[in-house]
Structures are given as C-alpha cells and as structure tokens.
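With full-length UniProt numbering, the residue at position 105 of the sequence shown is 105, and numbering never jumps.
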Amino acid sequence: MNKKQKTLDDSKQVKRGTIDLYAAQCSTCQKWRTIATKEEYEEVRSKFVEEPFTCNMKPDVSCDDPPDLDYDATRTWVIDKPNLPVTPEGFKRELILRPDYSKLDAHYVTPDGKKVRCHAEVAQYLQKHPELNHLKVEDFNFTVPKIMEDTIPEDARKKRLEKSANKKQKLDSASPDGKKKPAKS
C-alpha cells in the first residue's frame with residue numbers, strides 16, 4: 001500500500017508534538033523520500049490518488065538510490081489520508097500531537113491569527129470576512145493522520161496502558177446506575 005507520511009522526530013529540538021519532517025513513499029519501489037517543505041508535501045498529498053508519488057519526482061533521485069529514511073521507532077510516524085486539500089493561501093494548518101500520543105488535533109490559523117477548530121468555526125469566519133468569498137468550507141479539512149502505534153515511545157505507551165487500566169478499574173467499581181459499589185467485607 002502506498003502511503004503519504006509525516007513524521008515526528010523526537011530527537012530534534014522543535015516544539016513538542018509538532019511535525020518536523022515530511023516524507024512520501026514511492027509507489028514504485030516503496031522507499032521513503034523526504035519532502036522539503038510542508039507546502040510541497042501538501043501538493044503531493046492533494047493529488048496522491050491521481051498522481052502517486054515516485055522517486056523521480058524529486059530532482060536527481062531514482063528508485064536505485066538508497067531511501068532517505070527508514071520506517072522505524074527512532075521517531076513517531078503518522079500516516080496521512082490521500083487527497084486532502086492544500087491549505088488555502090493565507091491560512092496555516094497545524095497538527096498538534098497530544099502529550100499521551102493518543103491522537104493529533106487539527107486546526108487552522110487564519111490570516112489574522114485566529115484559530116478555527118471545526119467546519120462551523122470556518123463557516124463563521126468566512127461569513128465575517130467577505131473578502132474570502134472565493135473560499136468554501138470544503139477547502140478546509142480537519143482529518144488527522146493516524147499515529148503508528150509501533151513508533152510511539154515506550155514510556156508513552158506504558159503511560160497510556162496505565163491510564164487505560166485505571167479508567168477500566170474505575171468503571172468496574174461503579175454500579176450500573178453510575179454509583180460506586182459498596183466495598184466487600
């Protein structure tokens with residue numbers, strides 16, 4: 001399966017939980033190639049089904065060259081869905097990884113710095129800004145990439161398991177009506 005890829009590199013000094021490296025998998029040889037910019041990545045992703053990424057789309061690169069990076073647990077990988085729209089000009093699409101690695105949250109930063117977190121907020125913003133009447137709500141997509149579980153750091157996985165076990169324990173100790181069960185003597 002051909003995949004578009006974003007990675008979170010835990011070893012780099014960037015804002016924790018943000019994406020610092022973009023890559024795409026060649027549909028011919030399956031090697032991972034880094035993509036220079038977020039904008040270039042969004043272009044590749046926006047037409048991935050119609051024009052699958054291949055190594056020769058990068059200057060002076062072919063399938064005979066070694067991969068730019070290998071899929072492994074040295075960084076947290078997230079897989080994007082294909083054909084998401086390119087971020088409208090003047091806006092910035094941000095993806096933030098939750099501290100527990102459970103999911104990413106998507107929002108857009110508007111030209112005037114306001115954050116919009118859902119289609120309803122986009123619609124309100126566009127309505128208040130008639131100069132943006134060339135844009136539609138459908139030009140904005142809040143679909144988030146899938147976090148690849150096998151690349152989540154071990155300590156984060158342990159914390160998630162502990163949190164899940166604690167939540168299950170609390171649910172098990174509650175009666176069907178939501179009240180705590182009396183302790184057994």
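For each residue, glycine too, the CB sits at the ideal point set by N, CA and C.
Since the structure is predicted, the reported quantities are computational estimates derived from the model, not experimental observations.
Apart from the five residues just before and just after residue i, which ones in its own chain have a Cβ nearer than 8 angstroms to its Cβ?
i: Met-1; result: Here Met-1 scores only 39 on pLDDT, less than 50, and its place in the model should not be relied on; the value that follows carries that caveat. Once the five neighbours on either side are set aside, Met-1 has no close Cβ partner at all.
i: Phe-91; result: Tyr-108, Val-109, Thr-110, Pro-111 and Phe-140
Going by DSSP in three states, residue i sits in which element: helix, strand or coil?
i: Ala-165; result: helix
i: Leu-97; result: strand
i: Gln-127; result: helix
i: Val-109; result: strand
i: Leu-84; result: coil
i: Val-116; result: strand
i: Thr-151; result: helix
i: Leu-104; result: strand
i: Lys-159; result: helix
Tell me, please, which residues DSSP counts as bridged to residue i.
i: Arg-33; result: Ala-24
i: Leu-69; result: Trp-32
i: Lys-146; result: Ile-79
At which residues does the alpha helix (DSSP H) containing residue i begin and terminate?
i: Tyr-41; result: 38 to 46
Using the beta-carbon count (16 or more within 10 Å), is residue i buried or exposed?
i: Ala-165; result: exposed
i: Ala-23; result: buried
i: Lys-170; result: exposed
i: Val-44; result: buried
Using a Cβ-Cβ cut-off of 7 angstroms (strictly less than) and excluding sequence neighbours within five positions of residue i, which residues of its own chain qualify?
i: Lys-81; result: Thr-143
i: Gly-113; result: none
i: Ser-46; result: Asn-83, Leu-84, Pro-85 and Val-86
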